[in-house]
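Taken in order, the sequence shown gives residues 3 to 396; the numbers are from the numbering used here.
Working notes, structure below.
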Amino acid sequence: MAADADRPLSTIDVLDGDELARLDVLGNRPALSERTAAVTVPELFAEQVRQRPDDVAVVFEGRSWTYHDLDRASTELARLLAGRGVGADDVVALLLPRSEHTVTAVLAVLKLGAAYLPIDAHTPDERLAFVLGDAAPTAVVTTAELSERLRGHDVTVVDVAEPAHGARPAGGHPADGGFPAPDPDRVAYLIYTSGTTGTPKGVAVTHANVTQLFTTSSRTSELSPGQVWSQFHSYVFDVSVWEMWGALLHGGRLVIASEDTVRSADDFHDLLVKERVTVLTQTPSALGRMSPEGLDTVRTVFVGGEALPAELADRWAPDREVINAYGPTEATVYASMSAPVRPGDGAPIGSPVPGAALFVLDAGLRRVPTGVVGELYIAGHGVARGYVRRPGLT
3 MAADADRPLS
13 TIDVLDGDEL
23 ARLDVLGNRP
33 ALSERTAAVT
43 VPELFAEQVR
53 QRPDDVAVVF
63 EGRSWTYHDL
73 DRASTELARL
83 LAGRGVGADD
93 VVALLLPRSE
103 HTVTAVLAVL
113 KLGAAYLPID
123 AHTPDERLAF
133 VLGDAAPTAV
143 VTTAELSERL
153 RGHDVTVVDV
163 AEPAHGARPA
173 GGHPADGGFP
183 APDPDRVAYL
193 IYTSGTTGTP
203 KGVAVTHANV
213 TQLFTTSSRT
223 SELSPGQVWS
233 QFHSYVFDVS
243 VWEMWGALLH
253 GGRLVIASED
263 TVRSADDFHD
273 LLVKERVTVL
283 TQTPSALGRM
293 SPEGLDTVRT
303 VFVGGEALPA
313 ELADRWAPDR
323 EVINAYGPTE
333 ATVYASMSAP
343 VRPGDGAPIG
353 SPVPGAALFV
363 LDAGLRRVPT
373 GVVGELYIAG
383 HGVARGYVRR
393 PGLT
């Protein structure tokens, strides 16, 4: 300061080299220079189909579908969509209720190298019109009942049940469906924010964003064959990506909860017991309405979306691992995860997931010392491509 008396205090970096190096390790800065495997969702799913075609992949309301069933159904729908003009880099909206059809439709779109745009079946007409206008999908996959909501919109409508009513090609399909693997940098899905703070924004997330979350993960016990995952969340929320592919890209079984079931903590509890679910993903609000009693098969609970109260973590932590996870949609589901929470230790958001780097910066975008308040910045392989049609905001 003596050498430059006019220099603002805010421009002085108070951290020495040792502290900066320590923060690099703490925030996982090396992840920024590490390369991740360039692979897509259909490629990883096809590998599971080859390894375990007859294992149950999806369960919904007492019915089940094997990996082969799911692969075949999604391939047939993909071929139907291709015949209706859908190709690589297109957007396909999905207007579907909870069922096995949501998984089939998502896979079908991804096999074509297109991006899926999930829309809640109960979304207000105004939001439906906005999202369709903003994303400009090539087609909408829906049901016969919900197709009435699309009258007046200039878009191709495809009935998700149509392939099942047509003649099936003779013989089996190859695990890849005959479609070339999409580029890992192609957009896999668009998820629109709620719009509570302004105009809804469509977040474009690539295949590479999604697959690196799993291929680099240290959570190998949950991401393994034989695990049973619940699909509690609507596909319009990005945590559904974690639930869906946590199961289906690793040889697990996905149990989809119905609309009625997710509205009742008791009914959802009963479903977890009946299907012997081992991996549960919940918001603290939803978890707080349910008792851990009787859930002996649930070995891991991932909690995110809201701050996790220490009392809730303490209630669930005995007899299972409770992982507090954090991340916005723009960072592909999760940017950090805690170690298993122990009763009495509180509920920190943990450390960066392997593909992410975290920095706490001041108003001048300089790193702050340990214990100093700043703003959390997220970098790394999970950061999404950007906002649809909003380059300035991106």
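Yeah, the Cβ is synthetic: ideal placement off N, Cα and C, and Gly gets one too.
With 16 other Cβ atoms within 10 Å as the buried cut-off, status of residue i
i, result
"LYS203", "buried"
"LEU367", "exposed"
"GLU78", "buried"
"SER242", "buried"
"THR198", "exposed"
"VAL279", "buried"
"ILE14", "exposed"
"SER76", "buried"
"HIS124", "exposed"
"ARG391", "exposed"
"PRO10", "exposed"
"GLY154", "exposed"
"PRO171", "Low confidence applies to PRO171: its pLDDT is 41, below 50, so where it sits in the model is not reliable, and the reading given next is rough at best. Its Cβ having fewer than 16 others within 10 Å, PRO171 is exposed."
"GLY348", "exposed"
"THR144", "buried"
"PRO126", "exposed"
"PRO139", "buried"
"ALA163", "exposed"
"THR372", "exposed"
"LEU83", "buried"
"LEU395", "exposed"
"GLY357", "buried"
"ALA110", "buried"
"ARG65", "exposed"
"GLY382", "buried"
"SER35", "exposed"
"ARG37", "exposed"
"GLU102", "buried"
Reference residue i; option with closest CA among the options
i, options, result
"ALA210", "THR199, GLU224, TYR191, LEU225", "TYR191"
"TYR69", "LEU152, THR106, SER35", "THR106"
"THR331", "PRO126, VAL238, PRO44", "VAL238"
"ILE325", "SER340, THR140, ARG317", "SER340"
"ALA90", "ASP268, LEU82, THR263, LYS113", "LYS113"
"THR201", "ARG322, PRO342, VAL133, PRO186", "VAL133"
"ALA337", "VAL343, GLU323, GLY373, LEU378", "LEU378"
"THR302", "VAL343, ALA381, LEU310, ALA116", "VAL343"
"PRO345", "LEU46, ALA319, LEU97, GLY329", "ALA319"
"GLU45", "GLU295, LEU28, ASP185", "ASP185"
"GLY352", "GLY329, ARG369, LEU363, THR334", "GLY329"
"ASP122", "ALA137, ALA95, ALA138", "ALA95"
"ILE380", "ALA386, PRO393, TYR389, LEU360", "LEU360"
"THR217", "LEU98, PHE47, ALA315", "PHE47"
"THR299", "GLU308, PHE181, ASP268, VAL281", "VAL281"
"LEU215", "ALA333, GLY85, LEU34, LEU72", "ALA333"
"LEU72", "GLY85, ASP57, LEU82", "ASP57"
"ALA59", "VAL157, SER226, VAL16", "SER226"
"ARG86", "VAL159, ALA206, VAL374", "VAL159"
"ASP156", "LEU130, ALA146, GLY180, PHE181", "LEU130"
"GLY115", "LEU97, ALA7, ASP187", "ASP187"
"GLY376", "ARG387, LEU363, VAL385, ARG317", "LEU363"
"VAL385", "ASP6, VAL374, VAL355", "VAL355"
"TRP247", "THR285, ALA33, GLU49, ALA5", "GLU49"
"VAL264", "HIS103, ASP240, MET292", "MET292"
"ALA1", "GLY307, ALA259, GLY290, ALA141", "Any property of residue 1 remains undetermined from this structure, which presents the chain solely from 3 to 396."
"PRO165", "ASP8, GLY135, ARG81", "ARG81"
"GLU401", "VAL335, SER287, GLY180, GLY296", "What the structure shows of the chain is the stretch from 3 to 396, and residue 401 is not part of that stretch, so it cannot be assessed."
"ALA146", "PRO120, LEU98, ALA137", "LEU98"
"TYR118", "ILE193, GLY19, HIS103", "ILE193"
"SER12", "TYR389, ARG387, ARG369", "ARG369"
"ASP161", "VAL305, THR208, THR104, ALA7", "THR104"
Opposing strand residues paired with residue i [DSSP bridges]
i, result
"TRP244", "Partner(s): none; TRP244 has no beta bridge."
"TYR389", "VAL205"
"VAL60", "TRP67, LEU256"
"VAL159", "VAL142"
"VAL16", "Note: VAL16 sits in no beta bridge, so no partner."
"VAL189", "THR208"
Any non-hydrogen atom of the ligand SAM closer than 7 angstroms to residue i Cβ
i, result
"PRO186", "Absent from the structure shown: the ligand SAM. Ligands present: none."
is_contact[residue i, chain B] using C-beta, thresh 8 angstroms
i, result
"ASP18", "Structure shown: chain B not included; a single protein chain is present."
How do the stretch 80-97 and the stretch 22-29 stand: do at least 3 beta-carbon pairs fall below 8 angstroms, yes or no?
no
Any contact of the stretch 274-292 with the stretch 226-236, i.e. 3+ C-beta pairs under 8 angstroms?
yes
Go through the stretch 317-383 residue by residue and report every complete run of the alpha helix (DSSP H) that reaches 4 residues or more, in order.
none
If contact is defined by three or more beta carbon pairs under 8 angstroms, each pair taking one atom from either stretch, is the stretch 244-262 in contact with the stretch 50-70?
yes
Counting beta carbon pairs with one atom in the stretch 139-152 and one in the stretch 215-226, are three or more of them shorter than 8 angstroms?
no
What ranges does the alpha helix (DSSP H) occupy inside the stretch 75-150, keeping only unbroken runs of at least 4 residues that lie completely in it?
102-113, 127-137
Quick check for students: name the residue ranges of the beta strand (DSSP E) that lie wholly in the stretch 220-306, counting only runs of 3 or more.
230-233, 255-258, 281-284, 302-305
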